Ligand code: GDP
Ligand code: MN
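Residue numbers (the numbering used here): 551 to 985.
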């Protein structure tokens, strides 16, 4: 019973870990497969193409009848996905170079929609043509950082291939976790234990165990935050093959992983998050409706917490770091208000080196020039606070200014609800600036 509950809570936590680790780099499957192969892990033979002709040529070179063509886009669930032109399935079994060309035409430069992409989909920038493997069993294996134990953990399941979230929800006992001691790494004994959890035949156990050790080496050598192989398959001739790979890398280590980072595909990332980075802003979109502009990651977290405490939901995490200049505030407001669902803006800035009065001037300038029709709540604190508050009240703009965090957070949650309700019944509440 205990292990059942523990397994379930671990599965839930894993989900949360995966969801919150958005600040890392993901690589296309064909790049990840190349890394795995460099470490001696068996992957299907193949090549990536960016034109239909290349796809045909790769298929010819493979010289076999049974192949698979796979859309390359940074999302899972491609197999069950569909395209903007109606094509169903981002992973297709094919039997000739002509077919490779035909599917490449329908996949390349089209958008794929999967359970993970949301309604905006992901552009397909390459196709990966590989030899087909004949599979006896499909397992799942991942290496992640676990916040709770502060250790890397290996997650293994004999029920791979399908979506692992489904297995975690319906059959948590089928998922096994193995914390790794970073001083010893994955020991031989532990590697065998993991291999057994994969449910392969005894003929494949040793190779699977070797692969686990190799995967852990990739994890540490490459500063990965996540390695997920789904499926890791046992073929009919008892080889162990990594047939899909999703690798994520820690952006704090980008300086020493030049090759990995050179493989970044910006077309797969959120254009607004990229735009924000150009202006020195750290912008992450969330699901709620209160746009937050803060300075410092710690303050950003605290802001999100307090908004939730007062019943609101943050729409984003936007950290302007040390540079709360008028220009940064303007860009930030543009990003925040580009989301149609945002019903209020919360500015929570600590004026240290950048003094409060300067921030207030920036805020006023931006609010005057942008035709904002949602309320702004500003909680400024620090150097020259009194001057800042005077500037705001003299401006005649409807910026609700507070020195106290609790009051400010309550106000923004309350105002955002008012706007939300007004929108629902299609009433125009006037928060236009200036008054
Ligand atoms: P995903 O849907 O994005 O996770 O894409 P995958 O690369 O995992 O492919 C989806 C599914 O297609 C896999 O789970 C396999 O079941 C199947 N598949 C992919 N390649 C092969 C292959 O070479 N042989 C067989 N038998 N199945 C394959
Ligand atoms: Mn997969």
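Even for Gly, the Cβ is constructed at its ideal location relative to N, Cα and C.
Here the structure is a predicted model, which means the values were calculated and not measured.
Please confirm whether residue i and residue j have their CB atoms less than 8 Å apart.
i, j, result
"residue 706", "residue 733", "no"
"residue 789", "residue 750", "no"
"residue 902", "residue 909", "no"
"residue 805", "residue 822", "no"
"residue 650", "residue 605", "yes"
"residue 926", "residue 917", "yes"
"residue 762", "residue 714", "no"
"residue 776", "residue 692", "yes"
"residue 915", "residue 876", "yes"
"residue 672", "residue 624", "yes"
"residue 818", "residue 772", "no"
"residue 598", "residue 580", "yes"
"residue 724", "residue 600", "no"
"residue 928", "residue 947", "no"
"residue 586", "residue 681", "no"
"residue 594", "residue 793", "yes"
"residue 924", "residue 962", "no"
"residue 643", "residue 814", "no"
"residue 791", "residue 592", "yes"
"residue 582", "residue 795", "yes"
"residue 857", "residue 896", "yes"
"residue 882", "residue 868", "yes"
What is the DSSP secondary structure of residue i, reduced to helix, strand or coil?
i, result
"residue 692", "strand"
"residue 759", "helix"
"residue 571", "Low confidence applies to residue 571: its pLDDT is 34, below 50, so where it sits in the model is not reliable, and the reading given next is rough at best. The answer is coil: DSSP assigns residue 571 none of H, G, I, E or B."
"residue 783", "strand"
"residue 931", "strand"
"residue 596", "strand"
"residue 673", "strand"
"residue 777", "strand"
"residue 798", "strand"
"residue 643", "strand"
"residue 808", "helix"
"residue 687", "strand"
"residue 631", "coil"
"residue 585", "helix"
"residue 591", "coil"
"residue 623", "coil"
"residue 975", "coil"
"residue 819", "coil"
"residue 576", "strand"
"residue 665", "coil"
"residue 652", "helix"
"residue 657", "helix"
"residue 681", "strand"
"residue 772", "coil"
State buried or exposed for residue i, treating a residue as buried only when at least 16 other CB atoms are found within 10 Å of its CB.
i, result
"residue 752", "exposed"
"residue 930", "buried"
"residue 798", "buried"
"residue 872", "exposed"
"residue 898", "buried"
"residue 679", "buried"
"residue 596", "buried"
"residue 783", "buried"
"residue 989", "This structure cannot settle anything about residue 989, because the visible part of the chain is limited to 551 through 985."
"residue 722", "buried"
"residue 669", "exposed"
"residue 957", "exposed"
"residue 879", "buried"
"residue 851", "exposed"
"residue 816", "exposed"
"residue 588", "exposed"
"residue 614", "exposed"
"residue 885", "buried"
"residue 645", "exposed"
"residue 631", "buried"
"residue 960", "buried"
"residue 974", "exposed"
"residue 809", "exposed"
Heavy atom of the ligand MG less than 7 Å from the Cβ of residue i, yes or no?
i, result
"residue 716", "Summarising the ligand content, the structure contains the ligand GDP and the ligand MN and does not contain the ligand MG."
I want to see whether chain B comes within less than 8 Å of residue i, judged by CB atoms only; does it?
i, result
"residue 805", "Here chain B cannot be found, since the structure has a single protein chain."
For the structure I just gave you, are there three or more beta carbon pairs, one from the region 827-844 and one from the region 856-865, closer than 8 Å?
Taking a contact to require three or more Cβ pairs closer than 8 Å, the region 827-844 and the region 856-865 qualify as touching.
Touching by the beta-carbon criterion (3+ pairs, under 8 Å), the region 757-772 and the region 656-670:
The answer is no - the region 656-670 does not touch the region 757-772, with fewer than three Cβ pairs under 8 Å.
Pick out the complete alpha helix (DSSP H) segments inside the region 835-883, 4 residues or longer, and give them in chain order.
Listed in chain order, they are 847-859.
Three or more C-beta pairs below 8 Å linking the region 653-660 and the region 633-643
Yes, since at least three Cβ pairs between the region 653-660 and the region 633-643 fall closer than 8 Å, the two stretches touch.
Only counting runs of 4 or more residues, tell me where the alpha helix (DSSP H) segments fall wholly within the region 694-749, in order along the chain.
Listed in chain order, the complete alpha helix (DSSP H) runs (minimum 4 residues) inside the region 694-749 are 714-720 and 738-747.
Pairing CB atoms from the region 740-747 with CB atoms from the region 710-719, are three or more of them under 8 Å?
At 8 Å Cβ cutoff, the stretches do not touch.
Counting Cβ pairs closer than 8 Å, one from the region 938-947 and one from the region 963-976, do we hit at least three?
Fewer than three pairs of CB atoms, one per stretch, sit closer than 8 Å, so the region 938-947 makes no contact with the region 963-976.
Do the region 587-606 and the region 685-701 meet, that is, are 3 or more Cβ pairs less than 8 Å apart?
No: fewer than three Cβ pairs fall under 8 Å.
Mind pulling the beta strand (DSSP E) runs of 3 or more residues that sit fully within the region 892-972?
Taking only runs of at least 3 residues, the beta strand (DSSP E) segments lying wholly in the region 892-972 are 894-901, 926-932 and 949-952.
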